[in-house]
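Visitor:
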DNA sequence: ATTGTTGCAAACATTTTGCAGGCTC
DNA sequence: GAGCCTGCAAAATGTTTGCAACAAT
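Residue numbers (the numbering used here), protein chains in the order written: chain S, 1475 to 1624; chain Z, 1475 to 1624.
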């Protein structure tokens, strides 16, 4: 019986962040975060995929809890949500004017500001060319917190 | 009775694009596209909002048709969909490494390539600062057509 | 002991689809 | 006239919520 296994450290970035807010560190929350840490940064999963992977590793976490946990982890700044708008998709006219117009989005209240940037347009062109893609349009989404929500 | 009103031009970018594919120019498709042209480039609407606006202007178009039309117009390259993934949101770990990683997305097959860019990161920082936002992360989505789908 | 969290199932929201009738070419 | 398109309603998919039991602090 090893000493270190009995007296392991019980603090963690997740635990600290939660406790600060009166929230609790649960096995489910740890499992979800661990999953993302194991697949590595840069890989993205949907709620359904998180659920499936946890089931496969014989960790039963309900889908509802996964939705709640993902939202929490995003609010804590540990995960990043790859979407712009809250409810459903949004569409806009594609024109020369919009070909380089970008969004600054508040992750708390959803407030959105738009801006332009030639550098970004150029970066998109280069990326498309390098990969053999035919460029249509590029849009930068900057995730931030607006003055009102700090 | 004026001459020009009787003999007006019946071609349009929409009509031409459709006919090339054996598809048809219908009042519904025109109404949806006109709506986006009227609100101007840069404004974005959800399917539901398109529906509501058309109803309000006493043009009855069913919601199902709007969904079908939006998909069509995106495939034709006339509209732009402000989302990355098809079904639902996706999440990924937020780390220093991912703070500047971008997506090159094929609008036909969904294939996604990732890349990095310092210029983009810089542009995001500037935009956040100018608007008084606190930057969290920026991600560029480049919409394009991959070699396999041309 | 207190209070936040989970799981379940039902509710809700969004998007897709089968089919009969209607319209464009 | 042939075949694409629409509207309707139902189904499929994705997400949220109320509530009782449970668990972290």
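Just so it is clear, CB atoms sit at the ideal spot from N, CA and C, and this is done for glycine as well.
1. For chain S, find out if any of its Cβ atoms is closer than 8 Å to the Cβ of residue 1508(Z); answer yes or no.
2. Would you verify that the beta carbon of residue 1537(Z) is, or is not, closer than 8 Å to some beta carbon of chain S?
3. Around the Cβ of residue 1572(Z), are there at least 16 other Cβ atoms within 10 angstroms (buried) or fewer (exposed)?
4. How many angstroms separate the CA atom of residue 1553(S) from the CA atom of residue 1587(S)?
5. In angstroms with no decimal places, state the Cα-to-Cα distance between residue 1601(S) and residue 1566(Z).
6. In or out: residue 1622(Z) buried (at least 16 other Cβ within 10 Å) or exposed?
7. To the nearest whole angstrom, what separates the beta carbons of residue 1503(S) and residue 1543(S), a pair I think is in contact under 8 Å?
8. Helix, strand or coil for residue 1608(S)? Go by DSSP, reduced to three states.
9. With a Cβ-Cβ cutoff of 8 Å, do residue 1488(S) and residue 1507(S) count as a contact?
10. Taking the straight line between their C-alpha atoms, what separation do you get for residue 1545(Z) and residue 1618(Z)?
11. Can you give the beta carbon distance from residue 1615(Z) to residue 1517(S), rounded, assuming they're within the 8 Å contact cut?
12. I'd like the list of long-range same chain contacts for residue 1550(Z), defined as Cβ closer than 6 Å, with 5 residues on each side in sequence excluded.
13. Bridge partners for residue 1589(S) per DSSP, in chain order?
14. Compute the beta-carbon to beta-carbon distance between residue 1555(Z) and residue 1563(S), rounded to the nearest angstrom, for a pair I have assumed lies under 8 Å.
15. Is there a Cβ of chain S sitting closer than 8 Å to that of residue 1500(Z), yes or no?
16. How big is the Cα-Cα spacing for residue 1598(Z) and residue 1576(Z)?
17. Among 1578(S), 1603(S), 1522(S), which has the Cα closest to the Cα of residue 1620(S)?
18. Run down chain S in chain order and give the residues with a C-beta less than 7 Å from the C-beta of residue 1602(Z).
19. If residue 1509(Z) sits next to residue 1524(Z), beta carbons under 8 Å apart, how far is it from one beta carbon to the other, in whole angstroms?
20. For chain Z, find out if any of its Cβ atoms is closer than 8 Å to the Cβ of residue 1597(S); answer yes or no.
21. Quick test of your reading: residue 1521(S) and residue 1540(S), contact by CB under 8 Å. State the CB separation rounded to the nearest angstrom.
Guide: So, from the data block:
1. Here residue 1508(Z) refers to the residue found at position 34 of the second chain. Output row for residue 1508(Z): interface = no.
2. In the second chain, the residue the question calls residue 1537(Z) occupies position 63. No, residue 1537(Z) lies away from the interface with chain S (no Cβ there is under 8 Å from its Cβ).
3. If you number the second chain from 1, residue 1572(Z) lands on position 98. Because residue 1572(Z) carries a pLDDT of 48, less than 50, the predicted location of this residue cannot be relied on, and the following value inherits that uncertainty. Residue 1572(Z) comes out buried.
4. Position 79 of the first chain, counted from the first residue, corresponds to residue 1553(S). Position 113 of the first chain, counted from the first residue, corresponds to residue 1587(S). Roughly 22 Å between the two C-alpha positions.
5. In the first chain, residue 1601(S) corresponds to position 127, counting from 1. In the second chain, residue 1566(Z) corresponds to position 92, counting from 1. When rounded, the distance between both Cα atoms is 21 Å.
6. Numbered from 1 along the second chain, position 148 holds the residue referred to as residue 1622(Z). Per the 10 Å Cβ criterion, exposed.
7. In the first chain, the residue the question calls residue 1503(S) occupies position 29. In the first chain, the residue the question calls residue 1543(S) occupies position 69. With a Cβ gap of about 5 Å, residue 1503(S) and residue 1543(S) count as contacting.
8. Position 134 of the first chain, counted from the start, is the residue given in the question as residue 1608(S). Residue 1608(S): strand per DSSP, three-state reduction.
9. Taking the first chain and counting its residues from 1, one reaches residue 1488(S) at position 14. Taking the first chain and counting its residues from 1, one reaches residue 1507(S) at position 33. Yes; because the gap between Cβ atoms is below 8 Å, this pair is in contact.
10. In the second chain, residue 1545(Z) corresponds to position 71, counting from 1. In the second chain, residue 1618(Z) corresponds to position 144, counting from 1. Cα to Cα, residue 1545(Z) sits roughly 16 Å from residue 1618(Z).
11. Taking the second chain and counting its residues from 1, the one referred to as residue 1615(Z) is at position 141. Taking the first chain and counting its residues from 1, the one referred to as residue 1517(S) is at position 43. Actually they are not in contact, since the Cβ atoms of residue 1615(Z) and residue 1517(S) sit about 17 Å apart, beyond 8 Å.
12. By one-based count along the second chain, residue 1550(Z) stands at place 76. If we look at residue 1550(Z) and ignore the five residues flanking it on each side, its Cβ neighbours are 1491.
13. The count along the first chain starts at 1 and reaches residue 1589(S) at position 115. Bridge partners of residue 1589(S): 1576(S).
14. By 1-based counting over the second chain, the position of residue 1555(Z) is 81. By 1-based counting over the first chain, the position of residue 1563(S) is 89. At roughly 5 Å, the Cβ-Cβ gap stays under 8 Å, so residue 1555(Z) and residue 1563(S) are in contact.
15. Translated into positions along the second chain, residue 1500(Z) becomes position 26. It does not: the Cβ of residue 1500(Z) has no partner Cβ on chain S nearer than 8 Å.
16. For the purposes of this step, residue 1598(Z) is taken as residue 124 along the second chain, with counting starting at 1. For the purposes of this step, residue 1576(Z) is taken as residue 102 along the second chain, with counting starting at 1. Those two C-alpha atoms are separated by around 12 Å.
17. For this step, residue 1620(S) is matched to residue 146 along the first chain. Comparing Cα positions, the closest option is 1578(S).
18. By 1-based counting over the second chain, the position of residue 1602(Z) is 128. Chain S residues near residue 1602(Z): 1578, 1616, 1618.
19. Counted from its first residue, the second chain places residue 1509(Z) at position 35. Counted from its first residue, the second chain places residue 1524(Z) at position 50. 6 Å between Cβ atoms; contact.
20. For the purposes of this step, residue 1597(S) is taken as the residue at position 123 of the first chain. Closer than 8 Å to some Cβ of chain Z, the Cβ of residue 1597(S) qualifies, so yes.
21. As a working note, residue 1521(S) is residue 47 in the first chain. As a working note, residue 1540(S) is residue 66 in the first chain. Confirmed, Cβ separation roughly 5 Å.
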